[in-house]
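*Asks:*
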Amino acid sequence: MTARATKSRSRAGRIGGVSGSIVKCICPRGVKTGYDWSVMAALEVEIWRGEGNDGSWRCYAVPHQANQTVLDVVTHVQRHIDPSLAYRFACRVGMCGSCAMTVNGRPRWTCRTHVSRVSRKGRLRISPLRNLPVIRDLAVDMAPFFEKWRDAEARFVPSPVPVEEPVRPGEPARKAADAGIECINCAICYAACDSVAWNPDYPGPAALNRLWTLVNDRRDGDQDGHLEAAGTGCHLCRSHQECAEVCPTNLNPTTAIAGLKREVFRRTLARPPWEGRQ
Amino acid sequence: MKEAWLFTVQRLSALVLAPLVLLHLGVILYAVRDGLSAEEILARTQGSQLWGVVYGLFVFAAAIHAPIGLRAVLREWVGWRGAGLDIAMGLFGLLLLALGLRALAAVL
Numbered sequence: 001m002t003a004r005a006t007k008s009r010s011r012a013g014r015i016g017g018v019s020g021s022i023v024k025c026i027c028p029r030g031v032k033t034g035y036d037w038s039v040m041a042a043l044e045v046e047i048w049r050g051e052g053n054d055g056s057w058r059c060y061a062v063p064h065q066a067n068q069t070v071l072d073v074v075t076h077v078q079r080h081i082d083p084s085l086a087y088r089f090a091c092r093v094g095m096c097g098s099c100a101m102t103v104n105g106r107p108r109w110t111c112r113t114h115v116s117r118v119s120r121k122g123r124l125r126i127s128p129l130r131n132l133p134v135i136r137d138l139a140v141d142m143a144p145f146f147e148k149w150r151d152a153e154a155r156f157v158p159s160p161v162p163v164e165e166p167v168r169p170g171e172p173a174r175k176a177a178d179a180g181i182e183c184i185n186c187a188i189c190y191a192a193c194d195s196v197a198w199n200p201d202y203p204g205p206a207a208l209n210r211l212w213t214l215v216n217d218r219r220d221g222d223q224d225g226h227l228e229a230a231g232t233g234c235h236l237c238r239s240h241q242e243c244a245e246v247c248p249t250n251l252n253p254t255t256a257i258a259g260l261k262r263e264v265f266r267r268t269l270a271r272p273p274w275e276g277r278q
Numbered sequence: 279m280k281e282a283w284l285f286t287v288q289r290l291s292a293l294v295l296a297p298l299v300l301l302h303l304g305v306i307l308y309a310v311r312d313g314l315s316a317e318e319i320l321a322r323t324q325g326s327q328l329w330g331v332v333y334g335l336f337v338f339a340a341a342i343h344a345p346i347g348l349r350a351v352l353r354e355w356v357g358w359r360g361a362g363l364d365i366a367m368g369l370f371g372l373l374l375l376a377l378g379l380r381a382l383a384a385v386l
């Protein structure tokens, strides 16, 4: 089978937080892949390649297999076609949150995303996560994501005295905390969020979701401090619900942020500024 | 703390504005049913304490609500931040208040 060239296109724009253009895209179908192309369908995979803010799309032909994930596709490209491709993964079973990328325009956890579910006419377009600086190719720098998490003070503060009343799974506050506790820190919500893109002060859905679980945790000793921290950023959420739409573990950070807004509203009313900070 | 207060005050002003806007729209629909004239408006508003209170509240709530919302829009879309923005929005609120009260005084 001969190599095939796809239609050449060019476009200026921002891809995953970087700018660049689509260059001539040539799919090296059947070239040095070791697969029998006569019996196996091929995927046309466009991958964003580049360092920092500069880069371009490159096209690869990858054999399509049953139960193949997007991470399998990226791994195939690196192992069989282009070893210089940079990407990040760890557990491959949806636990660690390392392998998030933008697939056909939407942020996803690639290890649990089947190609058959997201490819369009056998085509995949994979780029780094939005709203985070690109290190190289598909690997983004997660530092801003975790720095905002830290700055939002979204961490457990042990209560100075033991909680005497046992925490029961059925009590409303515990249920509210449990609803948001399974976050895997993948930053998919952060990448999908327009408020993050528009406003550098916004902590992001994941950090605020974590704050809401702490506000509802009776074992935490600083609920008031968490609400004060939330008051500096939760109102910047525009409730577009992109986070809830893309969360791979089906959490709903928008609901958590709405809860924070409600509690910050009550706390602020209870403490008029003329009474001073308590 | 300042952001939390602005958020809270904007919500409170929205609570006041929501029924008043509906009332305002209802009055517009009612008032124009036979055509609109200055005499008709003044006949309804002049000497009326009720309309004075209603539109007085409306003006105050709008003068608080609008600058806070505009401040958020300018911060996100223009990137304008800092004391200059706060002062400008404070002046914008005062302008809305002055224009609203002037209009109110003219029809009462």
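Protein chains in written order, with this note's numbering: chain U, 1 to 278; chain Y, 279 to 386.
Using N, Cα and C, we set each Cβ at its ideal position, and we do this for glycine too.
Identify which residue in W149(U), L85(U), L211(U), R112(U) has its Cα closest to the Cα of A258(U).
*Replies:* Check the Cα spacing between A258(U) and each of W149(U), L85(U), L211(U), R112(U): the tightest is with L211(U).
*Asks:* Name the chain U residues whose beta carbon is nearer than 8 Å to that of A344(Y)?
*Replies:* Within chain U, no residue comes near A344(Y); the closest Cβ sits about 17 Å away, beyond 8 Å.
*Asks:* P128(U) and V115(U) - do their beta-carbons sit closer together than 8 Å?
*Replies:* no
*Asks:* Between which two residues does the beta strand (DSSP E) containing T110(U) stretch?
*Replies:* Per DSSP, T110(U) is not a residue of any beta strand (DSSP E), being assigned neither H nor E.
*Asks:* By the three-class DSSP mapping on this structure, what secondary structure does M101(U) have?
*Replies:* strand
*Asks:* Using a cut-off of 8 Å between C-beta atoms, extract the partners of R289(Y) located in chain U.
*Replies:* F265
*Asks:* Please tell me whether G231(U) has its Cβ less than 8 Å away from any Cβ of chain Y.
*Replies:* yes
*Asks:* On the DSSP bridge assignment, give the partners of Y60(U) in chain order.
*Replies:* V45(U)
*Asks:* Buried or exposed for N250(U), going by 16 or more other Cβ atoms inside 10 Å?
*Replies:* exposed
*Asks:* Taking Cβ-Cβ distances shorter than 9 Å, what residues in chain U pair up with A339(Y)?
*Replies:* In chain order: nothing, as chain U lies at least about 17 Å away.
*Asks:* Give the DSSP bridge partners of A325(U), in chain order.
*Replies:* Residue 325(U) lies beyond the range of chain U shown here (1 to 278); nothing can be said about it.
*Asks:* Would you call the segment 116 to 126 of chain U and the segment 92 to 100 of chain U touching, i.e. three or more CB-CB distances under 8 Å?
*Replies:* Per the Cβ contact rule, the segment 116 to 126 of chain U is not in contact with the segment 92 to 100 of chain U (fewer than 3 Cβ pairs under 8 Å).
*Asks:* Need the endpoints of the alpha helix (DSSP H) that R88(U) sits in, please.
*Replies:* Careful: R88(U) lies outside any alpha helix (DSSP H) and carries neither H nor E.
*Asks:* When you compare only the Cα positions, how much space is there between V113(U) and I184(U)?
*Replies:* Reading the sequence as shown, one finds Thr at residue 113(U) and not Val. The alpha-carbon atoms of T113(U) and I184(U) are separated by roughly 16 Å.
*Asks:* Sorted by chain position, which residues of the same chain lie with C-beta nearer than 7 Å to R219(U)'s C-beta, five sequence neighbours on each side aside?
*Replies:* S159, V163, V167
*Asks:* Please compile the residues from chain U whose C-beta is within a distance smaller than 7 Å of the C-beta of T286(Y).
*Replies:* F265, T268, L269
*Asks:* Give me, in chain order, the residues of the same chain whose beta-carbon lies closer than 6 Å to that of V23(U); leave out the 5 immediate sequence neighbours on both sides.
*Replies:* With a pLDDT of only 37 at V23(U), under the threshold of 50, the placement of this residue in the model should not be trusted; the figure read from the coordinates follows. Contacts found: S56.
*Asks:* Which residue from T254(U), G233(U), C247(U) puts its Cα closest to that of Y202(U)?
*Replies:* G233(U)
*Asks:* Taking C-beta pairs closer than 7 Å, name the residues in chain A that W198(U) reaches, listed in chain order.
*Replies:* The structure shown contains no chain A; its protein chains are U and Y.
*Asks:* Do you know offhand how far G30(U)'s Cα is from K121(U)'s?
*Replies:* Reliability fails at G30(U), whose pLDDT of 45 lies under 50, so the model's placement of it is uncertain and no value is given.
*Asks:* Could you please give the first and the last residue of the uninterrupted alpha helix (DSSP H) stretch that includes L284(U)?
*Replies:* This structure leaves residue 284(U) out entirely; chain U is present only between 1 and 278.
*Asks:* Which residues in chain U sit within 8 Å of W283(Y), going by Cβ to Cβ distance?
*Replies:* T268, P273
*Asks:* Are any of the Cβ atoms in chain Y nearer than 8 Å to that of H240(U)?
*Replies:* no
*Asks:* According to DSSP, is I181(U) part of a helix, a strand, or is it coil?
*Replies:* For I181(U), the three-state secondary structure derived from DSSP is coil.
*Asks:* Note down the Cα distance separating A12(U) from I319(Y), rounded to an integer number of angstroms.
*Replies:* Note that A12(U) scores 34 on pLDDT, short of 50, meaning its location in the model is unreliable; the coordinates nonetheless yield the value given after this. Roughly 56 Å between the two C-alpha positions.
*Asks:* Can you tell me whether DSSP reads D222(U) as helix, strand or coil?
*Replies:* coil
*Asks:* Please state whether the Cβ-Cβ distance between V196(U) and G204(U) is less than 8 Å.
*Replies:* Closer than 8 Å, so yes.
*Asks:* List the residues of chain Y that H235(U) touches, going by C-beta distances under 7 Å, in chain order.
*Replies:* E281, F285
*Asks:* Which partner residues of G55(U) appear in the DSSP bridge assignment?
*Replies:* G50(U)
*Asks:* Mapping the DSSP letters down to three states, classify R353(Y) as helix, strand or coil.
*Replies:* DSSP places R353(Y) in helix when its eight states are reduced to three.
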